[in-house]
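Before any comments, here is the structure.
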Amino acid sequence: MDESQRDDLDLASSHLQLGYVAGVHGVAGALRVKLFNQESTLLEPGLPIVLRERGTTKQVTHEVARVAPKPGSDTIRLWLEGVDARAPAEALRGHELWVARAQLPKLDEDEYYLADLIGLEVVRETEGGRESLGRITGVTSNTAQDLLCVRLRGREWLLPAMPPFVVSIQNIEGDAKPQCVVVDVHDDMLPEPRES
């Protein structure tokens, strides 16, 4: 494992990605941020956040100064302490927005953050046992629901992150971390095999 992979694991173990900087708004340094959970109220003045340049380990820490909805958009406006002009805000375009797990609300025993499912195997129960349907590579959303991005046979398919599609998230006994996601999906949701 190289150092950048270790840095990724360190950040992911101590922080959770809430979204990314989609652009800027105006000349006073406001960011347009796309949140994975558009209903999140976690961002508030004084909250420390980490902004990491996508695809690298370069990151900066800022405190939230102000948050406001952006009417007619799926983004919010976010002002940061120390970012008060368009140029420094532009430099943050594309950065991932992370918050410390210690700042997150406590979950019930059977609840998970969707981001914690990234990397897990997706399986379907069959008469002969379990069939692997790929691994979760990311999380996205549309206006109706959250979706898990699953990679199978070199192709990606989208899994609605809700019942009846997600049946359970299973752990190995004695281990609190989830190990696989059991689903109930029809074959027409899966990607077609690539032709040779």
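Reading the sequence shown from the start, the letters are residues 1 to 196 in the UniProt record's numbering.
Beta carbons: idealized from backbone N, C-alpha and C, even for Gly.
Problem set entry | Three-way DSSP call (helix, strand, coil) for Glu-90 in this model | In the sequence shown, the residue the question calls residue 90 occupies position 90. Glu-90 falls in the helix class under three-state DSSP.
For this session: Taking the CB atoms as reference points, tell me whether Ala-115 and Gln-17 lie closer together than 7 Å.
Result: Along the sequence shown, read from residue 1 onward, the residue named residue 115 stands at position 115. Along the sequence shown, read from residue 1 onward, the residue named residue 17 stands at position 17. Yes, Cβ-Cβ distance for Ala-115 and Gln-17 is below 7 Å.
Exercise. Thinking just about the alpha-carbon of each residue, which of Pro-48, Leu-31 and Ile-136 is nearest to the one in Pro-69?
Worked result: For the purposes of this step, residue 69 is identified with residue 69 of the sequence shown, where counting begins at 1. It is Leu-31 whose Cα lies nearest to the Cα of Pro-69.
For this session: Using three-state DSSP, classify Asp-110 as helix, strand or coil.
Result: Along the sequence shown, one-based indexing puts residue 110 at 110. In the structure shown, Asp-110 sits in coil (DSSP, three-state: anything other than H, G, I, E or B).
Exercise. Roughly how many angstroms lie between the CA atoms of Leu-47 and Tyr-113, to the nearest whole one?
Worked result: Within the sequence shown, numbered from 1, the residue matching residue 47 stands at position 47. Within the sequence shown, numbered from 1, the residue matching residue 113 stands at position 113. The straight-line gap from Cα to Cα measures roughly 19 Å.
For this session: Could you name each continuous alpha helix (DSSP H) segment of 4 residues or more that falls completely within the UniProt domain "RimM N-terminal" (18-102), going from the start of the chain to the end?
Result: 86-90
For this session: Kindly indicate which three-state DSSP category Asp-146 falls into: helix, strand or coil?
Result: As a working note, residue 146 is residue 146 in the sequence shown. Asp-146 falls in the strand class under three-state DSSP.
For this session: Round the Cβ separation of Gly-29 and Val-67 to the nearest angstrom and send it over; I've been treating them as touching at under 8 Å.
Result: For the purposes of this step, residue 29 is identified with residue 29 of the sequence shown, where counting begins at 1. For the purposes of this step, residue 67 is identified with residue 67 of the sequence shown, where counting begins at 1. With 8 Å as the limit, Gly-29 and Val-67 do not qualify as a contact, their Cβ atoms being about 14 Å apart.
For this session: Have a look at the DSSP bridge pairing and note the partners of Gln-170.
Result: As a first step, residue 170 must be located in the sequence shown, where it is residue number 170. DSSP lists Cys-180 as partners of Gln-170.
For this session: Below 6 Å CB to CB, which residues in the same chain sit around Leu-43 once its five sequence neighbours on both sides are set aside?
Result: As a position in the sequence shown, residue 43 is number 43, starting the count at 1. Cβ within range, chain order: Val-64 and Val-67.
For this session: Counting only the same chain and skipping the five closest in sequence on each side, list residues whose C-beta sits under 7 Å from that of Glu-90.
Result: Position 90 of the sequence shown, counted from the start, is the residue given in the question as residue 90. So the qualifying residues of the chain are Val-24.
Problem set entry | Interface flag, Leu-148 vs chain B, CB-CB below 7 Å | Annotation note: the requested chain B is absent from the structure, which comprises a single protein chain.
Exercise. Would His-15 be called buried (16 or more neighbouring beta carbons within 10 Å of its own) or exposed?
Worked result: Counting from 1 along the sequence shown, the entry for residue 15 is found at position 15. Buried, because 16 or more other Cβ atoms sit within 10 Å of the Cβ of His-15.
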